[in-house]
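Comments concern the structure below.
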Amino acid sequence: MQDRPMNAIQKSKRRGFVMTGGGAKGLYEAGVIHAFHITGMEFDVITGSSIGAFNSIFYAEYLLHKRMLPMDIRQDPERAVEAMDNLVRAYHHAWLQMPDKKIIDDSETGPLGKLKDDLLDFDVSLPQLTRLVWWWTNPEHGVIPPPEVWPALISLISQLAGRLGGAGQLLRIFKDHRQGLVKEALRTFLHRFDMDKSLVPPSDDQKLKTVFTEPVTPLRPEHLQGKDMTDASSSGEALRLVDPNRTLREYAEMGIDVRLTRANYRTGRLEISSYLSERDFMAYLERQAWRLQAGDPQTLPLGSFRLQLPGDPIAINAALASGRFPGVFLPYPLTGIYALDRPENKMLRLLVSNWLDDPELAAMLSDAYQAVHPDQADDPTAWQRLLESWRASSRMREFFPGQTDMYVDGGSIDNTPSNSAVDATREWADRNHVPRRDLELDLYIVLLHTEPKVSPDEVQEPTFYQVVKRTLDIQSAAKLSSDAVVVDTINTVGQRAEELAETVQILVDGCQELIANLDDAQKLALQERLRQVATEREIRGYQGKTGEGILERMEAWGKEMLASRLPLQVNAIKVYPSKMALDTLQFTERLGFRQESAVDMITMGCYNTLWTLRQHLEKKAEALDGQDMRVLAMARKWMGGGDWPRGADEQDPLASSWQCQRTACVFYAQYCSHGQRKTHS
């Protein structure tokens, strides 16, 4: 047993960055990334859902480029910031140019504009429509409308005939779709504008991708002032934020584990886009297949399981799959995420095509099994038994995707994908034989909502709209913040389990010393009694068939518990917005985008993160590793040194009064509340 006091272990550190979904609210995450950029914070695992998936891919690309810098620059925090500054400025410029991309085309000549014009020509009054709907929804309405309904019905038929392809088409819809008449008529009508499947037509489907993959010039103050910057030399070299051909494997090879959520439209289950080698896929299956084989569907409620597949996703396409906001974008195909013709995706191609019945796939899995279990090379029956149990499980087969499966917004199931970061850290620990008790995860989580409070005046006699909005705000906040309770609970259980395992080890040590002074008969009697108690209480794992050697088995159990079965220690550091200046779909000016609000979102994300980061690190000043010390030094530099209150919180006057020292920031003069402009009161 290791000779060290309980709970006095110097843990090694891993860091995770979690970005959530929220459409245009992702501007706040862009500000958070800026704060991490200027402080030199780096991460081992990055997870994201929806718009957070796009920001995750950019930040992974940023870290990849940063880790390719010459070593002398990387080792100098300020030079590293200068070297990477243009890429971050280009990233912010891309966000601020979002309305120009017309991701949702609300121009006069776009689909929404044409739909608007068509509806303006729709010559049926609201009273007429109300009379028709009220008659149609009456359960006792007859086949023939009453006289007062006929004028409205004739007017409606006349208008619809021209919009649905003529009187013949209208009759066909009425004849063939009586049970879904309104649904089919609406689908046919919207098809004229290429909007019958989504708000964004398939022809415009790639616009969001181009925001992150087409070169863009670094942001300059002149851009914010609306000045003409057509001269490329004056605005800087255009930079590509993300290589469109980049795969997640390239990030993984640089020590950056990226995991993006996606929701399978067919199965309704959560899947993870990440690079997974064939060997790691086998290790994953061995850990999780028993869950998939379970007969009770309630053992795997939606969102409680994160399916991983072998292969190497295309980075930006994985983000596209995660960001398929329902109704706005079409579901995204599996074949768009993975280039199935590439050698690294061969196992996945065989898996989704023929399941485990393909002999070539079985051979690949067998090789992966041998790589995981080199000690079982002489026992081929173990692998065959395992393979046959998987083949026989229809539930397991249904859980995995098929080649034609499609994906919608990952945030619809898991909009705070911190569990994916915890999974990645556990898997890293197992792969590198690092005991979980010796490891902790600092998890920085960006939440794109504010606490849903209302004033006492607003509570009195709320309107219908206010009640609905308030309820939805509370529901959203509760869903996101419940993750904090889960982390705290896991940490508490883990601490108790560690104390229990340590106690068992102490008792075993004491018993070993005691038993050494007993004769053989007394030793056997004591061991047998321990075995009987373990059997009576159904404690599995170390009771054995006889009492002999039970203390050694108990000691081995305690060591295994401490080494690999404890929950991971997770320190959740949450970065909340002070306010939310933009809403989810406000990507264009007509929908509510304003540059001033967008800039407020970016700067707020930066200064809130600097405050949260410094507050967190100041409290742990005596127990920081090298990276944290460098980050804290940079945070102090930009925020000003001075005395920092250890117990500072968001209500502390310093939270609003500190003055940023980074005058080179493009937002410093006139745009940031902590820059040259007056600070908050």
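Just so you know, the sequence shown maps onto residues 435 to 1115 in the working numbering. Every residue gets a Cβ at the ideal spot worked out from N, C-alpha and C, and that includes glycine. In this text, all values refer to a predicted model and were calculated from it rather than measured experimentally.
Runs of alpha helix (DSSP H) lying entirely within the segment 836–867, each at least 4 residues, in chain order: As far as the segment 836–867 is concerned, its whole alpha helix (DSSP H) runs of at least 4 residues are 852–865.
8 Å contact criterion, which isoleucine 538 and valine 645 should meet: CB distance rounded: Rounded, the Cβ-Cβ distance is 13 Å, inconsistent with contact.
Beta carbon of leucine 605 nearer than 8 Å to that of leucine 590: no
Beta-bridge partners of leucine 694, as assigned by DSSP: For leucine 694, which the question treats as bridged, DSSP gives the partners Gly482 and Ser707.
Start-to-end residues for the alpha helix (DSSP H) that takes in tyrosine 878: Here tyrosine 878 belongs to no alpha helix (DSSP H); instead the beta strand (DSSP E) covers 873–880.
Beta-carbon proximity list for glutamate 712, same chain, < 7 Å, skipping 5 on both sides: Pro744, Met781, Met798 and Ala802
For isoleucine 607, the three-state DSSP class (helix, strand or coil): helix
Supposed contact pair glycine 450 and threonine 481 - C-beta distance, whole angstroms, cut 8 Å: 7 Å
The beta strand (DSSP E) enclosing serine 446, as first and last residue numbers: 446–453
Exposed unless 16 or more other CB atoms sit within 10 angstroms - verdict on methionine 518: Residue environment: methionine 518 is assigned as buried (16 or more neighbouring CB atoms within 10 Å of its CB, all protein chains considered).
Pairwise C-alpha distance: serine 787 and serine 484: 28 Å
Test item: CB-CB of leucine 675 and alanine 816 under 8 Å: no
Leucine 741 (DSSP reduced to helix, strand or coil): strand
C-beta contact flag for leucine 881 and tyrosine 1010 at 8 Å: yes
Reduced DSSP secondary structure (H/G/I, E/B, other) of alanine 1103: coil
Top-ranked residue by Cα proximity to threonine 701, from Thr980, Phe834 and Gln1029: Phe834
Given leucine 1044 as reference, the closest of Gly456, Met475, Gly455 and Lys447 once Cα atoms are compared: Met475
Backbone secondary structure at glutamine 436 - three-state DSSP: Reliability of the predicted coordinates at glutamine 436 is poor, the pLDDT of 41 falling under 50, and the value obtained from them is presented with this limitation in mind. Note: glutamine 436 maps to coil in three-state DSSP.
Extent of the continuous beta strand (DSSP E) run through asparagine 1005: 1003–1009
Rounded C-alpha distance that separates glycine 1109 from methionine 1035: 15 Å
Identified DSSP bridge partners for threonine 681: Ile748
Beta-carbon proximity of isoleucine 706 to serine 854, cut-off 8 Å: yes
Cβ-based burial, arginine 703 [other Cβ within 10 Å; buried from 16]: buried
Other residues of its chain near valine 479: CB distance less than 6 Å, five sequence neighbours each side excluded: So the qualifying residues of the chain are Gly450, Asp691, Ala855 and Ala858.
Under the three-state DSSP convention, the category proline 533 falls into: helix
Proline 814: first and last residue of the uninterrupted alpha helix (DSSP H) it sits in: 814–825
Length of the line joining the Cα atoms of alanine 749 and glutamate 947: 58 Å
Beta carbon of leucine 764 nearer than 8 Å to that of lysine 631: yes
Extent of the continuous alpha helix (DSSP H) run through leucine 784: 780–788
The segment 757–777 / the segment 841–848 touching (three or more Cβ pairs under 8 Å): yes
CB of glutamine 1049 within 8 Å of CB of lysine 1071, strictly: no
Collapsed DSSP secondary structure at valine 522 in the structure displayed: Here valine 522 sits in helix by DSSP.
Stretch pair the segment 484–501 + the segment 677–685: three plus CB contacts closer than 8 Å: Short answer: they touch.
For serine 852 and lysine 643, the rounded distance between their alpha carbons: 24 Å
Cβ-based neighbour list, alanine 487, same chain, cut-off 6 Å, excluding 5 preceding and 5 following: Leu694, Ala753, Ser756 and Gly757
First through last residue of the alpha helix (DSSP H) which encompasses valine 567: Counting along the chain, valine 567 sits inside the alpha helix (DSSP H) bounded by residues 560–570.
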